[in-house]
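Numbering (our numbering), first residue to last: 5 to 449.
A virtual CB, placed ideally from N, CA and C, is assigned to each residue, including glycine.
Bear in mind the structure is a predicted one, so any value in this text is a computation, not a measurement.
First up is the structure itself, then whatever we jot down about it.
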Ligand SMILES: CSC[C@H]1O[C@@H](n2cnc3c(O)ncnc32)[C@H](O)[C@@H]1O
Ligand SMILES: [Zn+2]
C-alpha cells in the first residue's frame with residue numbers, strides 16, 4: 005500500500021463505537037483521507053509512505069469540532085464581562101456591534117479565532133455572525149473546515165436591513181459555497197426572541213429544500229422562556245415545534261431550560277443539542293441537563309460560544325468543563341465519562357451538521373482531520389489512561405500537529421497557513437480603534 009503520510013503515535017483514540025484505545029498503532033493518510041489504522045509493526049512492513057512521522061508520547065485524536073461559536077467576536081474578548089445575558093447583549097455587545105462590525109472586523113476577528121482554534125486542535129467550527137461570506141473566506145484561506153451560518157434577525161444591522169434581506173444574502177452565500185470541499189452552509193436564525201414567526205417559517209421551508217441544518221440559540225435562559233410565555237403563550241421550543249423546526253436538522257444551542265417532555269421530543273425527532281458549559285456558567289444562564297439528554301438518546305455536541313462570553317475558544321478545556329459540570333448537575337460521577345466528552349467534542353459535533361460520514365472519527369475512508377497531542381508534559385504523567393489525561397489534565401498548548409483533509413496546518417505547535425504575528429498585529433489595530441472609541445485604555449500587551 006502507498007501512503008502520503010504515516011503517523012506512529014503512542015496511542016490512537018479513534019472514537020469508535022467501543023471507545024477503543026489503540027496502543028502501538030499507526031495511521032496512514034493518502035489523498036487527504038485516512039487509508040488505514042493498523043499495528044505499527046505491520047504498518048512499517050506493509051505501507052510505503054512518502055513521509056513518516058514518529059510521535060512518541062503523543063495521542064492521535066480526530067480533529068475537534070467546535071459546534072457553536074461567533075468567531076469574529078475574538079475582537080470583543082473582555083469588552084464586557086460578569087453580566088447576565090440580556091444586559092450583556094442589549095447594553096454592551098449589540099451597541100458595540102452596531103458601531104464596529106464591518107467586513108474588515110469580521111476578517112481580522114475570524115483570523116484570530118482560526119489561529120486560536122487550530123492551535124487548540126479545532127479542525128472544524130460552526131459559526132453564526134454578521135458578514136458570513138467574509139468568515140467563510142477566512143476559514144477557507146486558513147485551510148480549516150467550517151459550517152457557516154446564514155444568519156437571520158428581525159432587526160437591521162450593517163449587514164442587512166430586514167429578515168428578507170438576511171435570507172437573500174444567506175442564499176447567495178449558499179450558492180457561492182455549494183461545492184466547496186471545506187465549507188458548508190447552514191441556516192442560523194439568532195434566537196426565538198430575535199426572529200418572528202414568518203421568517204422562521206421561511207427558514208424551515210428553505211432548509212428543507214436545501215437540506216441544510218438550522219442552528220439557533222434556544223432556551224438559553226429562564227428569562228427567555230418567561231418572555232416567550234408572555235409574548236406567544238408558549239415556550240420557545242413548543243413554538244419552534246409548532247412552526248415545524250424541530251427535527252434532525254435542528255441544532256439547538258444551550259438548552260439550559262428543559263422539561264421531561266421536551267427531552268423526549270428532542271429524542272423522538274432526532275434533534276441535536278449543543279452544550280456550551282463555560283458561556284452558560286459565565287453568563288449565569290443555567291445548566292444544560294446533558295446526562296439526561298444523553299440517556300434519552302439525544303445527540304449532544306460541545307461548543308465554546310463566542311470569545312466575548314467564554315472567554316476562549318479552547319475546546320479541549322470545554323470538554324473538561326462539560327465532563328465535570330455534568331457530574332455535578334447529575335450528582336453522579338459517571339454522568340459523563342472522559343470518553344463521552346471526547347465523543348461529544350468530535351463525532352457528535354460532526355453528526356449535528358450531517359458531517360459524520362466525512363469527519364468526527366478516525367476511520368478508513370474519512371477525511372484526514374487529525375490532531376496529535378503530546379502527553380509527555382509533567383502534568384499529564386504518568387499515563388495509565390490517555391483518554392483520562394486528555395480530558396482531565398491536558399492543556400491546549402500540548403496540541404502539536406494538526407491536519408485537515410490531510411494537509412498539515414499546525415506543525416510543532418506553529419501555524420503553517422496563518423501568519424501568527426500579522427494576525428495578532430491586525431487584532432491589535434482593531435483593539436486600539438475600539439478602545440479609543442469606547443473610552444477604554446489599552447496596555448501595551
Ligand atoms: C446574528 S449574529 C450572532 C449574534 O449573536 C450574538 N451572541 C453572541 N453570543 C450569544 C449568546 O450566548 N446568546 C445570544 N446571542 C449571542 C452576537 O453578539 C451576535 O449579535
Ligand atoms: Zn452563541
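Proximity of the segment 297–304 to the segment 252–272 meets the contact definition, three or more beta-carbon pairs being nearer than 8 Å.
Set against 8 Å, the gap from the CB of residue 101 to the closest heavy atom of ligand 1 is smaller. Cβ-Cβ separation between residue 19 and residue 346: approximately 6 Å, consistent with a contact (criterion under 8 Å). Taking 8 Å as the upper bound for CB-CB distance, residue 275 and residue 288 are not in contact here, some 25 Å apart. Within the same chain, Cβ atoms closer than 8 Å to the Cβ of residue 327 are found at 340, 341, 342, 344, 345, 395 and 396, the five residues on either side in sequence being excluded. Straight-line measurement puts the Cα of residue 306 at about 8 Å from the Cα of residue 281. Only residues of its own chain outside the window of five on either side were considered, and among them 128, 129, 130, 131, 139, 140, 143, 144, 186, 187 and 188 have a CB closer than 8 Å to the CB of residue 150, listed in chain order.
In the three-state reduction of the DSSP assignment, residue 426 falls in the helix class.
One alpha carbon belongs to residue 410, the other to residue 404, and they sit about 15 Å apart. In this structure, residue 226 has its CB at a distance of at least 8 Å from all heavy atoms of ligand 1. Put simply, of 393, 335 and 379 the residue whose alpha carbon is nearest the alpha carbon of residue 324 is 393.
The criterion of a C-beta distance shorter than 9 Å is not satisfied by residue 39 and residue 29. Exclusion of residue 288 from the 8 Å shell around ligand 1 follows from its C-beta lying no nearer than that to any non-hydrogen atom of the ligand.
In terms of Cα proximity to residue 135, the closest of 37, 163 and 15 is 163. Its Cα nearest to that of residue 407, the residue 31 stands out among 31, 273, 201 and 160. Taking the C-beta atoms as reference points, residue 116 is found no nearer than 9 Å to residue 375. The DSSP-derived three-state label of residue 323 is helix.
Within 8 Å of the C-beta of residue 134 there is at least one heavy atom belonging to ligand 1.
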